[in-house]
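Take a look at the structure set out below.
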Amino acid sequence: MIEFGNYRLLLLEKYILRNGLLSETIFDKFIWIKKFFPFDFLDINECKWETWSELYEKNCLITQGWSIHENVNFKSEIKNNYGKMFYGFLFTILIPLLLIFWSKQTEKYISLLIPITNSIVVSLLFNLFGIVLIIFAMLELWFKGDGLPMNAYPPSKLVMTGVYKIFSHPIYIGSSLICFGLSMYYESGSGFWFVSPLLTLSWISLVYGYENEDLKQRFRQEYTWKTLLNIPENVKMKCEYADIISIYCLVFLPWLIFYEILLFIGPPSYSVSTYFEFENNIPVIEWTELFYLLTYPYVLFLPLILQTKQQVRSFILDSLMNMSIGIYLQFILPFIAPPKQFIPKTILGQVLLYERSFDGPGCAFPSFHVSWAFLSAYYYSWIYSKYNFIFYILSILISVSCITTGMHSIIDVVGGFLLFLICIKRITVWIYIRNYFENLANSWSSYRIGRLRIINSSIYVFVSASIGGLIIFSLIGDISGVLLINLLSLFMAAVWGQYIERSSGLSRPFGYFGFIIGGVVGSLIVSWFYSIPLIRILSAYALASPWIQGVGRFRCIIHGCCHGRSTNQFLGILITNSQSRVCSLSKLKNEYIHITQGYSILSNMIIGMLLWRLWYSNISLYVIISLYFILIGQSRFIEERFRGEIQTKVYCKLKIYQWLSILFVLIGIFLSMISFDNDTIQLNFIFKYEYLIPSILFGFIATFALAIDFPESKKRFSRLCD
Numbered sequence: 001m002i003e004f005g006n007y008r009l010l011l012l013e014k015y016i017l018r019n020g021l022l023s024e025t026i027f028d029k030f031i032w033i034k035k036f037f038p039f040d041f042l043d044i045n046e047c048k049w050e051t052w053s054e055l056y057e058k059n060c061l062i063t064q065g066w067s068i069h070e071n072v073n074f075k076s077e078i079k080n081n082y083g084k085m086f087y088g089f090l091f092t093i094l095i096p097l098l099l100i101f102w103s104k105q106t107e108k109y110i111s112l113l114i115p116i117t118n119s120i121v122v123s124l125l126f127n128l129f130g131i132v133l134i135i136f137a138m139l140e141l142w143f144k145g146d147g148l149p150m151n152a153y154p155p156s157k158l159v160m161t162g163v164y165k166i167f168s169h170p171i172y173i174g175s176s177l178i179c180f181g182l183s184m185y186y187e188s189g190s191g192f193w194f195v196s197p198l199l200t201l202s203w204i205s206l207v208y209g210y211e212n213e214d215l216k217q218r219f220r221q222e223y224t225w226k227t228l229l230n231i232p233e234n235v236k237m238k239c240e241y242a243d244i245i246s247i248y249c250l251v252f253l254p255w256l257i258f259y260e261i262l263l264f265i266g267p268p269s270y271s272v273s274t275y276f277e278f279e280n281n282i283p284v285i286e287w288t289e290l291f292y293l294l295t296y297p298y299v300l301f302l303p304l305i306l307q308t309k310q311q312v313r314s315f316i317l318d319s320l321m322n323m324s325i326g327i328y329l330q331f332i333l334p335f336i337a338p339p340k341q342f343i344p345k346t347i348l349g350q351v352l353l354y355e356r357s358f359d360g361p362g363c364a365f366p367s368f369h370v371s372w373a374f375l376s377a378y379y380y381s382w383i384y385s386k387y388n389f390i391f392y393i394l395s396i397l398i399s400v401s402c403i404t405t406g407m408h409s410i411i412d413v414v415g416g417f418l419l420f421l422i423c424i425k426r427i428t429v430w431i432y433i434r435n436y437f438e439n440l441a442n443s444w445s446s447y448r449i450g451r452l453r454i455i456n457s458s459i460y461v462f463v464s465a466s467i468g469g470l471i472i473f474s475l476i477g478d479i480s481g482v483l484l485i486n487l488l489s490l491f492m493a494a495v496w497g498q499y500i501e502r503s504s505g506l507s508r509p510f511g512y513f514g515f516i517i518g519g520v521v522g523s524l525i526v527s528w529f530y531s532i533p534l535i536r537i538l539s540a541y542a543l544a545s546p547w548i549q550g551v552g553r554f555r556c557i558i559h560g561c562c563h564g565r566s567t568n569q570f571l572g573i574l575i576t577n578s579q580s581r582v583c584s585l586s587k588l589k590n591e592y593i594h595i596t597q598g599y600s601i602l603s604n605m606i607i608g609m610l611l612w613r614l615w616y617s618n619i620s621l622y623v624i625i626s627l628y629f630i631l632i633g634q635s636r637f638i639e640e641r642f643r644g645e646i647q648t649k650v651y652c653k654l655k656i657y658q659w660l661s662i663l664f665v666l667i668g669i670f671l672s673m674i675s676f677d678n679d680t681i682q683l684n685f686i687f688k689y690e691y692l693i694p695s696i697l698f699g700f701i702a703t704f705a706l707a708i709d710f711p712e713s714k715k716r717f718s719r720l721c722d
């Protein structure tokens, strides 16, 4: 009852009509509206009820009937969505602006033109296709995944329809297409050759270093959905049209793109011919162009006769290996095979000259004509085993024609054949490598000199430190300055190990990121006091560090540090040596684990060769330094996904070293956008015998720190292993 003056209101019956979030009450009749607010961005609580009311004036009934009452409590949830708002702002506004600024700042370093210039149509197609992929992918995630494309705040449902039926990561693919498209439209060499490829490598690192694992953990069995373009399962089932299409889209099209890019880039200025002197006497035999030309239909027709998913899968994997190794070697190695000059006298001779107009001297070693021909013969023989001799004879004739048409040298042909053998024996090669690492991982042993213990990993530490030191001495040319930097790097690595690994029970751990911090600090000091340009010091260490770390990883294998997590028997190695940290610290004895040290060796070797290729091609030293940080950061981010050290801390779903890897990428971007001093500074490799003694000296110092200890001592820093 409510009284006010002479009036009295009686509320006799009450029925609740609605009570709860507005998005869950009134919007129930409008499902499409709720789809636009998947996160309950505005929290509006509504309570609506109906009562039987009677109004009296001085005890006289004036009116009666049902009345509607409503109470709305509006409370914005914006504060709870700051993280999502910032994440959206970061990826839709801040990062695109950073990429544009990055491209403009680094334009002066990239002199290479864009392959397709003044082609508005191509650039618009790239942009259009990229925008379509992104929009349709976001709509799929919004309406079917109940979320947005935020890996920090992922959708609650797995989406496997729409563009996700074609590509597993269409938004990332679309972003790369737009980046390349805009670079072509504005004719930005840096955008096309530098920023766009690094953007692509960055999202690939994110996918393989975090997202794939996160999806697998959240959706379990649903995670492995089948896309249109994919590598089929290893089953003897009849292949589908989609499997055949996958071969052309995943193998032949990328190979053609990369091969044409290599032709456009051309060989480096310091190139070496692969011809032997006697090969100059081999004439061009025009009619053998028939066999040389046969390679194209011989290879392109092969996917159409493959019968099972197993055959398709095997061919795709072999071909990807053939393409990856071949393209990389053709880009890295300074080898050329200039086509022999001749005057055509036949139609086939004219065809040969016409074909040469689409080729160049740089893409010669190893010969793709040979590797593709023998790889095709291998699979033709798999299906038509009765005629295998015919297919291999054709491949031999194609290989010989590479020489008789004057297109390749004998070394190119041999290289192509060896590449073919590696591809078809990839499983055998992997088993050999795996067994080697397993034996090495179980090889921990030591030699005693009194209380001193010399661990067998000392040889790898010595080789890594001494050869790395020799490279840096030869590049910088100042013995005392380099020694100071090296010693400071070693000291900071020990400090870093104590800070990060102090709770793991290790007495004398070392950390890679500590090496880098010490190296940067030492470089600043030496540059200031020795008047050596900082860019020269940093670029020298960037060129040497991948090889130092790569060789040093053999020490990690023996000690069991930087080890992998559990995996299957085919991929993993089994460690039983009780002195290995795998057994003593991580308790993974008799469990198959990833060979993450081997992964690191491979990535460092790839990065190291790339940086040296850019260096002898006279690329700016700023680019070399920034690429070192960016590529090392990307590779380490992926590597951490497979590592299994129990002492590694995790923050916000990422391991601490993954956060540091992201920081490395940002440092690399920052370094490429600023100038320390004159950009005309050159870095020359000048070897002197006087560098041998300080290199060996530092090798012994590093060996004492990393591979020699006092096992009976209880003092701090005395022991490397328990």
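Under full-length UniProt numbering, the residues of the sequence shown are numbered 1 to 722, in order. Here a beta-carbon is modelled for each residue, glycine too, at the ideal position from N, C-alpha and C.
Counterpart residues of S566 in DSSP-defined beta bridges: I593
Residue nearest to P338 in terms of C-alpha spacing, selected from G349, C363 and D709: C363
DSSP three-state call for E3: helix, strand or coil? It is a strand residue.
F554 versus L706, E213 and F264, residue with shortest Cα-Cα distance: F554 has its Cα closest to that of L706, out of L706, E213 and F264.
Endpoints, alpha helix (DSSP H) assigned at S324: Here the alpha helix (DSSP H) through S324 covers K309 to I332.
Coarse secondary structure for I78, derived from DSSP in three states: Confidence in I78 is poor, its pLDDT being 48 and thus under 50, which makes the residue's placement unreliable; the coordinate value appears in the next sentence. Of the three classes helix, strand and coil, the one that applies to I78 here is helix, per DSSP.
Rounded separation between K79 and M138 - CA only: Per-residue confidence for K79 stands at a pLDDT of 49, beneath the threshold of 50, marking its modelled position as unreliable; no derived number is given.
Whole angstroms is fine: what's the gap from P38's alpha carbon to W142's? Legend: pLDDT at P38 = 48, less than 50; position of this residue unreliable, value from coordinates given subsequently. Taking the straight line joining both Cα atoms gives about 8 Å.
Per DSSP, the bridge partner or partners of K649: Answer by DSSP bridge pairing: none, since K649 is not bridged.
Three Cβ pairs or more, each shorter than 8 Å: is that satisfied between the segment 367-386 and the segment 320-330? yes
Using DSSP bridges, identify the partner residues of T51. K14 and S67
Leaving out five residues before and five after I411 in sequence, what residues of the same chain have Cβ atoms less than 7 Å from its Cβ? T274 and F365
Per DSSP, what kind of secondary structure is R451 in: helix, strand or coil? coil
Starting from the C-beta of P344, find all residues in its chain whose C-beta is less than 8 Å away, skip the five residues before and the five after it, and write them out in chain order. E286, Q350, L352 and L353
Straight-line Cα distance separating L421 from P232: 23 Å
Does the beta-carbon of F529 have 16 or more other beta-carbons within 10 angstroms, so that it is buried, or is it exposed? exposed
Could you give the DSSP three-state label for F278: helix, strand or coil? helix
Considering only their Cβ atoms, is the gap separating S523 from F685 smaller than 8 Å? no
In the structure shown, what three-state DSSP assignment does S273 receive? Strand at S273.
Taking F331 as the reference, which of I607, F291, L418 and Y622 has the closest Cα? I607
Spatially closest choice to G326 from S695, E187, L304 and C423, by CA coordinates: Checking every option, the nearest Cα to that of G326 belongs to C423.
Counting C-beta neighbours from all protein chains within 10 Å, is the total for N435 16 or more, i.e. buried, or is it exposed? Label assigned to N435: exposed.
With three or more C-beta pairs closer than 8 Å as the rule, is the segment 174-186 touching the segment 119-139? yes
Kindly list the residues whose CB is nearer than 7 Å to the CB of I116, restricted to its own chain and excluding five residues on each side of it in sequence; keep chain order. V122 and M184
So, with DSSP's three-state summary, where would you put F708? The sequence shown places Ile at residue 708, rather than the Phe named in the question. Three-state result, I708: strand.
With DSSP collapsed to three states, give me the class of S503. Confidence is the limiting factor: at S503 the pLDDT is only 48, short of 50, which leaves the residue's position unreliable and the question unanswerable from this model.
Pull the bridge partners of S446 from the DSSP assignment, please. Partner(s): I455.
For the alpha helix (DSSP H) holding H408, just list the boundary residues, first then last. Element bounds for H408: n/a, residue is neither H nor E.
Per DSSP, what kind of secondary structure is D40 in: helix, strand or coil? Note on D40: pLDDT 49, under 50, position unreliable in the model; the coordinate value appears next. Three-state result, D40: coil.
Could you tell me the distance, in whole angstroms, from the CA atom of L229 to the CA atom of V251? Their backbone Cα atoms lie some 11 Å apart in a straight line.
Is there contact between the segment 158-167 and the segment 591-605, where contact requires at least three CB pairs shorter than 8 Å? no
Considering only their Cβ atoms, is the gap separating N212 from R313 smaller than 8 Å? no
So who's on the other strand from Y56, going by DSSP bridges? R8 and L61
With DSSP collapsed to three states, give me the class of R643. strand
Confirm, please, whether the CB-CB distance from S271 to I336 is below 8 Å. yes
With distance defined between alpha-carbon atoms, name the residue in S466, W615 and W193 nearest to L697. S466
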